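This note's numbering applies: residue 72 is where the sequence shown begins, and numbers increase by one. Glycine included, every Cβ here is placed at the ideal spot set by N, Cα and C. The structure presented is a predicted model; accordingly, all values stated were derived computationally and were not measured. See below for the structure under consideration.
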Amino acid sequence: MRKKYHVTQKPDGTWAGKAQGGQRASVVGNTKAETLKRTIEIAKNKPSSQVIVHKSDGKFQEERTYGNDPYPPKG
72 MRKKYHVTQK PDGTWAGKAQ GGQRASVVGN TKAETLKRTI EIAKNKPSSQ VIVHKSDGKF
132 QEERTYGNDP YPPKG
C-alpha cells in the first residue's frame, strides 16, 4: 500500500504537506515550492509513496509517485 501525502494551501495562506488520514501536517511552509520540496523528501524515504499536489483553490494539480510503482500493471 502506498503512503499518500497531500500538499494544500491552508486558510491562513501557508502551505501544508500532510499524510492522508493524518491529523497534523508533516510540513508547513510559506511557499508551495518549499513545502512541496520538503514533502517529497519525506515521501522518498518510504518504500512506496505518492505526493498529490493541489492548486490554491484545492483542486487537483498533479501527482508524483516514488518507490516501487507497478505501472504499467502486469497483464
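| said: Suppose you measure from the CA of Ala-87 to the CA of Gly-138; what does that come to, to the nearest Å? | reply: Distance between the alpha carbons of Ala-87 and Gly-138: 22 Å.
| message | What residue range does the alpha helix (DSSP H) around Thr-110 cover? | response | 103-115
| said: DSSP has Gly-80 in a bridge; who is on the other side? | reply: For the sequence presented, residue 80 should be read as Gln rather than Gly. In the DSSP assignment, Gln-80 is bridged to Trp-86.
| query | In terms of alpha-carbon separation, which member of Tyr-76, Asn-101, Arg-135 and Glu-105 lies closest to Gln-94? | reply | Tyr-76
| query | Near Leu-107, what residues of its chain come up, given a Cβ to Cβ distance below 6 Å and the 5 sequence neighbours on each side ignored? | reply | Correct list, in chain order: Val-78.
| Lys-117 to Ile-111 span [Cα, whole Å] | In a straight line, the C-alpha of Lys-117 is about 10 Å away from that of Ile-111.
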